[in-house]
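Data first, discussion second: the structure below is written as structure tokens.
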Amino acid sequence: MEEITLASQLLQYTITGITIGSIYAMVAIGFNIIYNVTEAINFAQGEFVMLGGLVMVFFRVALNIPLVFSLPLTILVVTAVGILLDRLAIRPIREPSVLVMIIATIGAAFFIKGAAMFIWGKNPFDLPPFSGRNPITFWGAVVQPQSLWVVGFLVVVVIVLTLFFDRTILGKALRACAVNPDASSLVGINVKHMVLLSFALSAAIGALGGIVITPISLMEYDRGAMLAIKGFSACVLGGMGSFPGAIIGGLIIGLIESLGAGLISSGYKDAFALLVLLFVLFLKPSGLLGSAEVSKIRKF
Amino acid sequence: MGKALGLTKQRNLIQFTAFALGLFLLPWLAQHVPYIAHYIDVMVFAGIYSIITIALCLLMGFAGQISLGHASFFGLGAYISGVITTKYGLNPWLCLLMGMGVSGVVALVIGAPSLKLRGHYLAMATLAFCIIITIIFNENLAYTGGPDGLAFIPGMTIMGYPLDSVAKYYYLVWSIVLVTLLLSLNIIRSRVGRALRSIHDSELAASAMGVNISKYKICVFVFSGVVASVAGSLYAHYLNFINPASFDLFVSIKLLIMIILGGMHSLWGAIVGATLITFLSYEWLHYFEEAEGMIYGIIVLIIVIFLPGGLVSIPQKVRSLWAR
Numbered sequence: 001m002e003e004i005t006l007a008s009q010l011l012q013y014t015i016t017g018i019t020i021g022s023i024y025a026m027v028a029i030g031f032n033i034i035y036n037v038t039e040a041i042n043f044a045q046g047e048f049v050m051l052g053g054l055v056m057v058f059f060r061v062a063l064n065i066p067l068v069f070s071l072p073l074t075i076l077v078v079t080a081v082g083i084l085l086d087r088l089a090i091r092p093i094r095e096p097s098v099l100v101m102i103i104a105t106i107g108a109a110f111f112i113k114g115a116a117m118f119i120w121g122k123n124p125f126d127l128p129p130f131s132g133r134n135p136i137t138f139w140g141a142v143v144q145p146q147s148l149w150v151v152g153f154l155v156v157v158v159i160v161l162t163l164f165f166d167r168t169i170l171g172k173a174l175r176a177c178a179v180n181p182d183a184s185s186l187v188g189i190n191v192k193h194m195v196l197l198s199f200a201l202s203a204a205i206g207a208l209g210g211i212v213i214t215p216i217s218l219m220e221y222d223r224g225a226m227l228a229i230k231g232f233s234a235c236v237l238g239g240m241g242s243f244p245g246a247i248i249g250g251l252i253i254g255l256i257e258s259l260g261a262g263l264i265s266s267g268y269k270d271a272f273a274l275l276v277l278l279f280v281l282f283l284k285p286s287g288l289l290g291s292a293e294v295s296k297i298r299k300f
Numbered sequence: 301m302g303k304a305l306g307l308t309k310q311r312n313l314i315q316f317t318a319f320a321l322g323l324f325l326l327p328w329l330a331q332h333v334p335y336i337a338h339y340i341d342v343m344v345f346a347g348i349y350s351i352i353t354i355a356l357c358l359l360m361g362f363a364g365q366i367s368l369g370h371a372s373f374f375g376l377g378a379y380i381s382g383v384i385t386t387k388y389g390l391n392p393w394l395c396l397l398m399g400m401g402v403s404g405v406v407a408l409v410i411g412a413p414s415l416k417l418r419g420h421y422l423a424m425a426t427l428a429f430c431i432i433i434t435i436i437f438n439e440n441l442a443y444t445g446g447p448d449g450l451a452f453i454p455g456m457t458i459m460g461y462p463l464d465s466v467a468k469y470y471y472l473v474w475s476i477v478l479v480t481l482l483l484s485l486n487i488i489r490s491r492v493g494r495a496l497r498s499i500h501d502s503e504l505a506a507s508a509m510g511v512n513i514s515k516y517k518i519c520v521f522v523f524s525g526v527v528a529s530v531a532g533s534l535y536a537h538y539l540n541f542i543n544p545a546s547f548d549l550f551v552s553i554k555l556l557i558m559i560i561l562g563g564m565h566s567l568w569g570a571i572v573g574a575t576l577i578t579f580l581s582y583e584w585l586h587y588f589e590e591a592e593g594m595i596y597g598i599i600v601l602i603i604v605i606f607l608p609g610g611l612v613s614i615p616q617k618v619r620s621l622w623a624r
């Protein structure tokens, strides 16, 4: 039997860390999209990931629709939920102050979580992995093929989003709203539609994250909250509003969590990401790649 | 007499006395109407949560600082009371004071760096704090009993008389509620209260006028933390059993919902909201247990969209509608 060396353990933790870090990065990207356009934090972001996993379970396992169709179908469904969230919970608010937005999105998150518990119950669900469960071994560590899918999808999301924001009119319109909503509406951009779009995009990305991580770590109705919190930690660590920051932040949080759980204590696993968050908030709220102006002058 | 208590406007004095009288008579009423007999038990919990929400309302509604971490102060008070009375047998009141001390220090340590943050960042910092404390409660099995909880916590005694009936506890808890209410009403009407409101409206303007923002924010934060700790101790000694699940993020958010439901800018609203939500979760949701989360979500959304001033703003709205 192969000896488990410290090196191979570290490698294993790193692989796990990168895998879960990619999910946090996707959640962080979702936060950033909505934040960039509305200056609000969407506490329901984690619920999109949860829904992505559970809805996919419904389509793939209960209805036995092949992966190729159930994946886009799931993303469509969760995007619809995101749109509903904007229309029913965000748009009707007459005086959107910070506190009100936080509470509204928390309320919505509660509602979605409660509905999920109602529909799917409290048990965790499994998904068949995209390309089988045969683990790939190298250097004493084991990689599930699904992990490669996770990282792969993150890369795809990043590339697609970068192209979208840089090369398409719609993407540029979104960025304009982030910079100055009033000026944007003066040049003819419908800001309300952009807000809707940002929610739809965030929901879609979150759903993708949920779909792709469920074969590895299962999915149950109450995962949303911790995912949202850790995704937010990643967001803040990388710098609020910055996409490369979200990715770096996500991966770092994932690594810290995985290494911390493996080397120090698995009971405190969740605490690591939160300690990082507190650390960053207290010492450098603008994060690694964010600018100081963004965090201080922007009125909250 | 009203002036002595700090209730200057006649309306406030009447309101307060009527409220106190109603509270006093409730157990007698409950004895004679069998259907609501056990409401007194629920009212004890409502009172405990009211204590927290009144102070939290000061922090959130008047000083404008968001805290998602107050369930942790609640829990600190409960666990310190619980652990020290069960392991070392000290007097519950002494432990309550110790809890207050510890919570105060923790609030200071957490509050000082956190309150420099604004809006979402402050919310997340307090949220992170809340979860970390919950994890600590869960992991320290030797002291706290971990997820299984801590049992056989003794009840309280006042100068030798054991508080062994629900009605006695009811009176104790709601007396403390009234004291907290008086304290908070006085704070609002004082210089401190005006300073808090100026901070809420505009930190920049307030500091330009010479208000020491950090000092006031931290003071209110520590005050609310200490008060929450008192509530926690009362909770531990009433239920005689505590576990970390009673003090987690969900509870913090529930406290927020209580304040929003009642009316964020009104101390009375804090009591109303706490009582309603307590009844909801302990009594009325027995049939819809599974829908608890959903119902809270709907309540929040309805209030935020249709009634931002909370339930206490209803009389005003009715009046303005009537006047048209």
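Chains as they are written, first to last, in the numbering used here: chain A, 1 to 300; chain B, 301 to 624.
Even for Gly, the Cβ is constructed at its ideal location relative to N, Cα and C.
All values reported here derive from a predicted model rather than from experimental measurement.
Do residue j and residue i come within 9 Å of each other at the CB atom, strictly closer than that value?
i	j	result
residue 49(A)	residue 171(A)	no
residue 225(A)	residue 122(A)	no
residue 206(A)	residue 46(A)	yes
residue 53(A)	residue 252(A)	no
residue 528(B)	residue 415(B)	no
residue 239(A)	residue 275(A)	no
residue 277(A)	residue 218(A)	no
residue 594(B)	residue 111(A)	yes
residue 449(B)	residue 334(B)	no
residue 541(B)	residue 451(B)	yes
residue 71(A)	residue 203(A)	no
residue 398(B)	residue 384(B)	yes
residue 634(B)	residue 600(B)	Outside the shown range of chain B (301 to 624) lies residue 634(B), about which nothing can therefore be said.
residue 522(B)	residue 496(B)	no
residue 313(B)	residue 567(B)	no
residue 116(A)	residue 51(A)	yes
residue 569(B)	residue 597(B)	no
Can you tell me which of the options puts its alpha carbon nearest to the alpha carbon of residue i?
i	options	result
residue 154(A)	28(A), 167(A), 87(A)	28(A)
residue 525(B)	372(B), 329(B), 350(B), 361(B)	372(B)
residue 25(A)	262(A), 276(A), 232(A), 267(A)	232(A)
residue 322(B)	374(B), 522(B), 471(B)	471(B)
residue 314(A)	290(A), 7(A), 93(A), 249(A)	The structure shown does not extend to residue 314(A), since chain A is modelled only from 1 to 300, so the question has no answer here.
residue 194(A)	213(A), 169(A), 216(A), 81(A)	169(A)
residue 73(A)	235(A), 60(A), 83(A)	60(A)
residue 366(B)	518(B), 345(B), 440(B)	518(B)
residue 320(B)	345(B), 481(B), 387(B)	481(B)
residue 279(A)	243(A), 266(A), 234(A)	234(A)
residue 550(B)	422(B), 406(B), 434(B)	434(B)
List the DSSP bridge partners of residue i.
i	result
residue 450(B)	542(B)
residue 143(A)	136(A)
residue 457(B)	462(B)
residue 219(A)	125(A)
Which bits of chain A does residue i rub up against, with CB to CB less than 7 Å?
i	result
residue 427(B)	229
residue 413(B)	282
residue 556(B)	103
residue 500(B)	By Cβ distance, chain A contributes nothing, its closest Cβ being about 10 Å from residue 500(B), past 7 Å.
residue 423(B)	102
residue 420(B)	41, 98, 102, 300
Is it buried or exposed for residue i, if we count other Cβ within 10 angstroms and need 16 for buried?
i	result
residue 509(B)	exposed
residue 297(A)	For residue 297(A), the predicted model reports a pLDDT of 35, less than 50, meaning its position is unreliable; a value from the coordinates is still stated below. The residue is exposed, with fewer than 16 neighbouring Cβ atoms inside 10 Å.
residue 132(A)	exposed
residue 491(B)	exposed
residue 285(A)	buried
residue 283(A)	exposed
residue 13(A)	buried
residue 293(A)	The predicted model places residue 293(A) with a pLDDT of 48, which falls under 50 and marks its position as unreliable, so this point remains unresolved.
residue 338(B)	exposed
residue 606(B)	exposed
Run through chain B and tell me which residues come within less than 7 Å of residue i, C-beta to C-beta.
i	result
residue 95(A)	608
residue 92(A)	605
residue 274(A)	428, 431, 432
residue 113(A)	593
residue 83(A)	Result: empty, since nearest Cβ-Cβ is about 16 Å, beyond 7 Å.
Show which residues of chain B have a CB atom less than 8 Å away from the CB atom of residue i.
i	result
residue 110(A)	553, 593, 594, 596, 597, 600
residue 225(A)	549
Between residue i and chain C, is any beta-carbon pair separated by less than 9 Å?
i	result
residue 41(A)	Note that chain C does not occur in the displayed structure, where the protein chains are A and B.
Against residue i, what residues of chain B qualify as contacts under a CB-to-CB distance less than 9 Å, listed in chain order?
i	result
residue 267(A)	435, 438, 439
Show which residues of chain A have a CB atom less than 8 Å away from the CB atom of residue i.
i	result
residue 503(B)	Here the premise fails: no neighbours, minimum Cβ distance about 10 Å.
residue 560(B)	103
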